[in-house]
Each structure stands twice: as structure tokens, then as C-alpha cells.
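Undergrad: Numbering (our numbering), first residue to last: 1389 to 1729.
#1: Can you give the beta carbon distance from residue 1396 to residue 1727, rounded, assuming they're within the 8 Å contact cut?
#2: Let me make sure I understand the geometry here. Which of 1471, 1435, 1580, 1419 has the alpha-carbon closest to that of residue 1562?
#3: Using only the alpha-carbon positions, how far apart do residue 1549 and residue 1646 sit?
#4: Does the segment 1473-1486 come within contact of the segment 1514-1529, defined as at least 3 CB pairs closer than 8 Å?
#5: If we count the other Cβ atoms within 10 Å of its Cβ and call it buried at 16 or more, is residue 1672 buried or exposed?
#6: Could you tell me which residues DSSP puts in a beta bridge with residue 1522?
#7: Evaluate residue 1664 with the Cβ neighbour count: other Cβ atoms within 10 Å of its Cβ, from every protein chain shown; 16 or more gives buried, anything less gives exposed.
#8: Return the residue from the list 1588, 1428, 1655 that minimises the CA-CA distance to residue 1644.
#9: For my contact list, residue 1460 and residue 1496 are in at a C-beta cut-off of 8 Å; report their separation, rounded to the angstrom.
#10: So, is residue 1439 buried or exposed, given that buried needs 16 or more other C-beta atoms within 10 angstroms?
#11: Start and end of the alpha helix (DSSP H) containing residue 1700?
#12: So is residue 1694 buried or exposed if we call it buried at 16+ other beta carbons inside 10 Å?
#13: Run through DSSP, which three-state label would residue 1449 get?
#14: Would the segment 1610-1618 count as touching the segment 1396-1406 if we require 3 or more Cβ pairs under 8 Å?
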């Protein structure tokens, strides 16, 4: 398939600039893999589509305030860093803007001296490997001086930084939110559990590679950046029990989907594991775990719309997106959701 096959026309005014209030008041498009049925609901109505014995798997990664602004030590020139992932302790992979000011050996100061950074290497795709120095824990320092790394298509100011976190976020490490989970409130999750639906947790620290444009025409030639994941034993056991009792495993978000399918064995067994995954899911992929997928509406020609097409079917996915445009759904990170069962 060609990357251009996944293009659709999206008016700018449908790109959500602010999150829905309350979280679960966003719209929900409900799709069936076995038919062409499309239902238009509110997100809180998701309870009507879940059954006792089902299991929701969510990604509990928490976004770090990874965008920091500082100056170059020798010239005073302004610099912006976006921290992508922690390689080890004080060594981070970052995006630097402007990159020409961040050559190997260059040093920078952020937050009036709370954080210092020195470029020690440059990756093949131009990211900087930097060594950070601060008197406190790096995450504590980032909470003081960093800003939430909102996607570039969101230009409105985010007044409440927690609105770019899921209510169950726990493990610090993401450069972007696992946005399908933004629709859940604590009250809605409690209601779902009271129905007899289990909730399990995985961690995948979202990097920007997930959102980077596909620059090759042949989809199969695209290479994903690796992201760190962890599947606890408790979650692996929960999925096993769900399958045994005939329940459905429903992934909340493409990051959760990629995590589960990365660790699944040939016959669908999910094992506890920790590591890095660069799995790329596009039409033709054989799913081993998922029975359902909750996800937002994604950018044209992105790896994320390709993943949805693999699960729901290419023609049906593109048709659903055209319907979403016609019905004036809100798109991308702060937008509405679709539930595919």
C-alpha cells in the first residue's frame, strides 16, 4: 500500500484545540468489525458496549513536562529542547531547536541555572544526545521549569496541565499523551469496574516517532522509532483469564495495542515482559490479542491511521473518517473517540 492511500481531507476547524469538559462528554463513534454499522454516541455511553468479563487494558504512562527553554552558554543564544527519552540516568535523547546551535560539545543553561545540558552526540536522524546536570532529581527539576509538550497542531493555551494526562497516569516517561485514555474520568472507570469489567495496566512511554510523518511512498519501508514498554505479570495473567472465560480484551489506545501485540506469542498468549518495541502495524497484520480498540481520530497518512486500518479494515476505516468529517467530529489529541468492536 502507498502512504497516499491513507490521506483524507480534514478542515482545520475540526482539529480540537481544547479538551472536552467534562472528559467523558466527548463524542464516541462506535464501529462494528462484522458489519458496516456506525453509531454516534457520547463517550460516557461506552458502558453500554462493555460486558461483564471483558477487560480494558490502558497505558499508565505519564507525560513529563519535556519542553524546556534556555540559552547557549557561550553566546546567550536562545534554545529549545524537547526531551524524547531517558537513555540512562542523566543521559537523554532530545530534539533541539534550532539544531545548528546544538553541535557536539555545546553547553546550555535552563531555568535560571536549575538545569545544565551538554551535547555529547548526534543520532542519525539529527536528534541530540545530551548529558543533564541538576541539583535535584531530573523529574523534579522538569516539573519546575518544563512545559507540557503539546503537539504543534494545538495552538491554544492549555490552562490545566493535568488535562494532557490520563486520570490513571502513573509512570513518568512519555513525550506525548496516550490520548485515547483522556476521555475517562475516575467516576466512569469506577462504574465500568462495578459492571464486572476488569481494568489492566501496561506502560509504553510514547515517543515522537509514533507521530512522525511517513516519508516513504511504500508503507512497508517505513521504520518506527523504538519505545520502552512494560507488561506486568498481573496484566498478563488478567488477559489470560479474560480469554479463558470468553471475555474480550479491549485496548485503550494505539500505544496499548502496540504493547500487547509486541509481547504476544503465536497463539495469542501475552507474557510479562519489559523492553523496547518498534512494531509497525499496517493492513495485513495478524492481530493475536485484541478483540476491541478504543482510539482517537488520527492524522492523515500517519502510522496510527494505518494501525486502525489494519484492525478495522482499510475501506471501512477511510469511510468512517469521511463520515467523521461530515458529522463534524473533533480530531486528534483533544478530539473525539472511536470504539471498534
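For every residue, glycine included, the Cβ atom is placed at its ideal position computed from N, Cα and C.
TA: The relevant details are as follows:
#1: Here residue 1396 is taken as the residue at index 8 of the chain shown, counted from 1. Here residue 1727 is taken as the residue at index 339 of the chain shown, counted from 1. Not really, about 20 Å apart at Cβ, beyond 8 Å.
#2: Taking the first residue of the chain shown as position 1, residue 1562 is located at position 174. The option with the nearest alpha carbon to residue 1562 is 1471.
#3: Here residue 1549 corresponds to residue number 161 of the chain shown, with the count starting at 1. Here residue 1646 corresponds to residue number 258 of the chain shown, with the count starting at 1. For residue 1549 and residue 1646, the distance between alpha carbons rounds to 26 Å.
#4: With the cut-off at 8 Å, the segment 1473-1486 and the segment 1514-1529 touch.
#5: Counted from its first residue, the chain shown places residue 1672 at position 284. When all chains shown are included, residue 1672 counts as exposed.
#6: Here the question's residue 1522 lines up with position 134 in the chain shown. In the DSSP output, where bridge partners are listed per residue, residue 1522 has 1503.
#7: As a working note, residue 1664 is residue 276 in the chain shown. By the C-beta density criterion, residue 1664 is exposed, having fewer than 16 other C-beta atoms within 10 angstroms.
#8: Here residue 1644 refers to the residue found at position 256 of the chain shown. Closest in alpha carbon position to residue 1644, among 1588, 1428, 1655, is 1588.
#9: Taking the chain shown and counting its residues from 1, the one referred to as residue 1460 is at position 72. Taking the chain shown and counting its residues from 1, the one referred to as residue 1496 is at position 108. The Cβ separation is near 6 Å, so the contact holds.
#10: Against the chain shown, residue 1439 aligns to sequence position 51. With fewer than 16 other Cβ atoms within 10 Å, it is exposed.
#11: Here the question's residue 1700 lines up with position 312 in the chain shown. Residues 1691-1700.
#12: Sequence index remark: in the chain shown, residue 1694 carries index 306 (1-based). Residue 1694 is buried by the Cβ-count criterion.
#13: As a position in the chain shown, residue 1449 is number 61, starting the count at 1. DSSP places residue 1449 in strand when its eight states are reduced to three.
#14: no
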